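Asks: Adding 817 to a residue's 1-based position in the sequence shown gives its number in our numbering.
The structure is given below, and queries will be raised subsequently.
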Amino acid sequence: MKLNDRGLLVVVSGPSGVGKGTVRKALFEMPKHNLTYSVSMTTRKQRPGEKDGVDYYFVSKEEFLKRVEEGKFLEHAEFVGNYYGTPLDKVNERLEDGQEVVLEIEVEGALQVKKKVPDCVMIFIVPPGKEALYQRLRKRGTESEDVIEQRIEKANREFKLAKYYDYIVVNDEVSNAADRIMAIIRAEHAKTARSIHKYMELIGEDEE
Ligand SMILES: Nc1ncnc2c1ncn2[C@@H]1O[C@H](COP(=O)(O)OP(=O)(O)OP(=O)(O)O)[C@@H](O)[C@H]1O
Ligand SMILES: Nc1nc2c(ncn2[C@@H]2O[C@H](COP(=O)(O)O)[C@@H](O)[C@H]2O)c(=O)[nH]1
């Protein structure tokens, strides 16, 4: 068994409105974990309540495209009229430091990550039914009806790409979905045989 102190890269993905952000927040509220979240960069307008540097790094289109040219993203994609990308330097630093890094990104970007980091763990979140997706997007109330329709249309194409993922997690109840993701991360961690020290840290046990 190979010992590996490099952290695990976990990609949480799925259609817009399925609850990725909500489940990811619940995951990070769980006690005793060694997960860090990679804050993405976007050209989308800030929503009320969102904080720059916490929810996203909000930048102009010019700034974003300059960074693309400079190779500063692990992956990036255009999603319903806006750009989104994962800053490369921070992800690398944290993985090198042995931290488990969680990305919460759409499907095109997730498939780019799979190509570049083949040992990442790919998790596709699905709703308990297609109607739930529509209801959740509407309930969130952050997009116009037109944009909701575009996101739903995109979701129908994205579902067909779920076969490229390692795991499918149903987001019926937020806490159940978060528990399932944590179980996957722990199992993957043990499988790839990272050092026992890091594993004990992940499961919240002190080494004797
Ligand atoms: N299990 C659930 N049951 C009911 N509502 C949920 C559940 N999970 C999330 N929601 C609600 O669905 C809406 C969309 O959730 P969220 O913003 O987390 O989705 P998302 O997948 O991150 O969306 P996007 O990809 O557009 O950022 C929110 O209003 C959230 O409160
Ligand atoms: N490819 C990437 N997709 C990302 C990234 N950060 C977020 N996202 C995804 O974009 C859509 C829309 O997000 P919203 O905040 O406007 O609702 C959603 O699916 C996000 O998960 C990223 O860095 N790269």
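Don't be surprised by glycine CBs; every beta carbon is placed ideally from N, CA and C.
Only a predicted model underlies this, so the values are computations on that prediction, with no experimental measurement involved.
Measuring from the CB of Glu990, is there a heavy atom of ligand 1 at a distance below 7 angstroms?
Replies: Yes, the beta carbon of Glu990 sits closer than 7 angstroms to at least one heavy atom of ligand 1.
Asks: How long is the line joining the alpha carbons of Tyr900 and Ser857, rounded to whole angstroms?
Replies: 10 angstroms
Asks: Arg953: beta carbon under 7 angstroms from a heavy atom of ligand 1?
Replies: yes
Asks: Taking all protein chains shown into account, do 16 or more other C-beta atoms lie within 10 angstroms of the C-beta of Ser833, making it buried, or fewer, making it exposed?
Replies: buried
Asks: Take the Cβ of Met818 as the centre, count every other Cβ of all protein chains shown within 10 Å, and call the residue buried at 16 or more, exposed below.
Replies: Low per-residue confidence applies at Met818: pLDDT is 35, beneath 50, and the placement is therefore not dependable, though the value from the model is reported in the following sentence. Counting C-beta atoms within 10 angstroms of its own C-beta, Met818 has fewer than 16 neighbours from the protein chains shown and is therefore classed as exposed.
Asks: With the cut-off set at 8 angstroms, would you say His982 and Phe941 are in Cβ contact?
Replies: Note on residue identity: the sequence assigns Tyr, not His, to residue 982. The Cβ-Cβ distance between Tyr982 and Phe941 falls below 8 angstroms.
Asks: For the alpha helix (DSSP H) containing Gly902, name the first residue and the last one.
Replies: Premise fails: Gly902 lies in the beta strand (DSSP E), 899-904, not in any alpha helix (DSSP H).
Asks: Can we count Lys837 as close to ligand 2, meaning its CB is less than 7 angstroms from some heavy atom?
Replies: yes
Asks: Am I right that Tyr896 and Glu923 are in contact with their C-beta atoms under 8 angstroms? What's the rounded C-beta distance?
Replies: Checking the sequence shown, residue 896 turns out to be Phe, not Tyr. Indeed they touch by this definition, with Cβ atoms about 5 angstroms apart.
Asks: Within a Cβ cutoff of 8 angstroms, which residues of the same chain sit near Arg933, ignoring the five residues on either side of it in sequence?
Replies: Note that residue 933 is Lys in the sequence shown, not Arg. So the qualifying residues of the chain are Leu891, Glu892.
Asks: Is Met858 helix, strand or coil when you go by DSSP?
Replies: strand
Asks: Is the closest heavy atom of ligand 2 to the C-beta of Phe778 under 7 angstroms?
Replies: With the chain covering only 818 through 1025, there is no way to say anything about residue 778.
Asks: Would the C-beta of Ser857 count as close to ligand 1, meaning under 7 angstroms from any of its heavy atoms?
Replies: no
Asks: Tell whether a beta-carbon distance below 8 angstroms holds between Val986 and Ile998.
Replies: Going by C-beta atoms, Val986 is nearer than 8 angstroms to Ile998.
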